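Taking our numbering, the leading residue of the sequence shown gets 2, the next gets one more, and so forth.
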Amino acid sequence: MPELLCPVCGGVLTQGEKAGICSSGHSFDRAKSGYVNLLVARQSGAQHGDDKEMVRARRAFLDGGWYAPLRCALCSAAVRHAPAEDTVDLLDAGCGECYYTAAVAAALRTAGKCVGAAGVDISKDALRWGGKRAPDLQLAVASVFRLPVASKSCDILLNVFAPFAGEEYVRVLRPGGVLLHAAPDAMHLWELKEAVYETPYRNDAAPPVQAGLSLVEEEHISAVLHLARHEDIANLFQMTPYAHKTGPVDAARLDALDTLDVTAAFVLRAYRRD
């Protein structure tokens, strides 16, 4: 399992019931739901990442199974690209509520691997639910741009709908390790954007490029979701960045929708660490 490191001195954190403590005596409290907060003091008091409403909406929507095709593709890719060794160290950079993390870890175990898994997210609200979904994972509040794990400590790194911190991903992956990066494809949620915006736009689906990572596989996943309840439509909208970027006039157009057929389109890329 990727060991969590102290954000102050870089020492390994010994995980206790109530805190993670390094050999220098730096201590980081463990929340009731299991995560440790590794944001430094000047950062920890502010709201970071997804807020409670976005987390609630995403949890409700994902638990409805709507993005199961992406979850299945991630699981298959992880098993396909897993190292030959029996032990796999898995890290999810931007794990949210661990919907994908828990599934990928379970798939690797089903494939006969001994999995040590950890997840990092900057949102405490997301990790509260992540700890409940996957109590066996090591979870930490931290930025993907400063991952609290040792260099060359991970075999598989997940990065699903989260910022692409390429240099950090190169640092923490072992040579030959794999990054599984999932992002919206060009037409993702097109019909939702048509319903809200007068001039909808396609997503930029260009692959991220990072020295030290070689693109070895690209898979496009698409499904039409038949949303027959206004609640599902509202949750889908609320879990996206559009909810915070859309004015009240445009957002109000959703109020009239009780059903919506919408395209879920993802691109899943596998990068191998040189």
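Just so you know, even glycine gets a beta-carbon here, dropped at the ideal spot from N, CA and C. Keep in mind it's a predicted model, so treat the numbers as computed, not measured.
Whole-angstrom distance between residue j and residue i, CA atom to CA atom
i	j	result
Asp177	Asp156	According to the sequence provided, residue 177 is Gly. The question's Asp does not apply to it. Cα to Cα, the separation comes out at about 8 angstroms.
Thr88	Lys153	15 angstroms
Ser34	Gly132	5 angstroms
Cys7	Leu14	6 angstroms
Gly21	Ala106	23 angstroms
Val142	Leu40	6 angstroms
Ser28	Glu4	15 angstroms
Cys96	Cys73	16 angstroms
Ser25	Arg274	32 angstroms
Val210	Val217	12 angstroms
Tyr36	Val9	18 angstroms
Leu214	Ala229	41 angstroms
Pro136	Arg129	10 angstroms
Asp259	His231	4 angstroms
Lys125	Phe146	17 angstroms
Ser45	Ala163	Annotation note: pLDDT 48 at Ser45 (below 50); position unreliable, no value reported.
Phe165	Ser144	11 angstroms
Val173	Gly120	13 angstroms
Tyr202	Phe238	16 angstroms
Arg43	Leu63	Confidence at Arg43 is low in this model, with a pLDDT of 49, below 50, so the placement of that residue is unreliable and no value is reported for it.
Val171	Ala212	8 angstroms
Ala246	Leu190	The sequence given here has Lys at residue 246, not Ala. If you take the alpha carbons of Lys246 and Leu190, they lie about 15 angstroms apart.
Leu148	Ala257	43 angstroms
Ala206	Phe267	9 angstroms
Ala244	Ala85	43 angstroms
Arg270	Asp93	15 angstroms
Asp90	Gly17	21 angstroms
Met55	Pro242	9 angstroms
Asp251	Pro185	22 angstroms
As assigned by DSSP and simplified to three states, the class of residue i
i	result
Ala1	There is no way to answer for residue 1, as the model of the chain reaches only from 2 to 275.
Gly117	strand
Val173	helix
Leu258	coil
Ser77	helix
Asn236	helix
His82	helix
Ala207	coil
Leu6	strand
Ala69	helix
His49	coil
Gly167	helix
Beta-ladder partner(s) of residue i, from DSSP
i	result
Cys155	Leu174
Gln140	The sequence given here places Leu at residue 140; Gln does not occur at that position. In DSSP, Leu140 forms a bridge with Gly120.
Arg270	His182 and Glu219
Asn160	His182
Val150	Leu5
Val263	Leu226
Start-to-end residues for the beta strand (DSSP E) that takes in residue i
i	result
Phe29	Ser28 to Asp30
Leu216	Leu214 to Leu228
Asp126	Not the beta strand (DSSP E): Asp126 falls in the alpha helix (DSSP H), residues Lys125 to Arg134.
Asp64	Unbroken run through Asp64 is the alpha helix (DSSP H), Lys53 to Asp64; no beta strand (DSSP E).
Val89	Thr88 to Ala94
Supposed close pair residue i, residue j - CB separation, criterion 8 angstroms
i	j	result
Ala83	Ala58	Not really, about 32 angstroms apart at Cβ, beyond 8 angstroms.
Asp122	Gly50	6 angstroms
Leu158	Leu180	5 angstroms
Leu226	Ala187	Not really, about 17 angstroms apart at Cβ, beyond 8 angstroms.
Ala127	Thr102	Not quite, the Cβ-Cβ distance comes to about 11 angstroms (not below 8 angstroms), so this is no contact.
Leu140	Val197	No, Leu140 and Val197 are not in contact; Cβ-Cβ is about 34 angstroms, not under 8 angstroms.
Leu109	Val80	6 angstroms
Arg60	Cys99	Not confirmed; about 10 angstroms, so no contact.
Residue i - containing alpha helix (DSSP H), residue span
i	result
Gly17	Per DSSP, Gly17 belongs to no alpha helix (DSSP H) and is neither H nor E.
Val41	Careful: Val41 lies outside any alpha helix (DSSP H) and carries neither H nor E.
Ala103	Tyr100 to Thr111
Pro249	Pro249 to Ala252
His189	Per DSSP, His189 belongs to no alpha helix (DSSP H) and is neither H nor E.
Pro246	Per the sequence shown, the amino acid found at residue 246 is Lys instead of Pro. Note, Lys246: alpha helix (DSSP H), Tyr243 to Lys246.
Residue i Cβ short of 7 angstroms to the ligand COA heavy atom set
i	result
Leu6	Of the ligands one can find in the structure shown there are none, so the ligand COA has no counterpart to examine.
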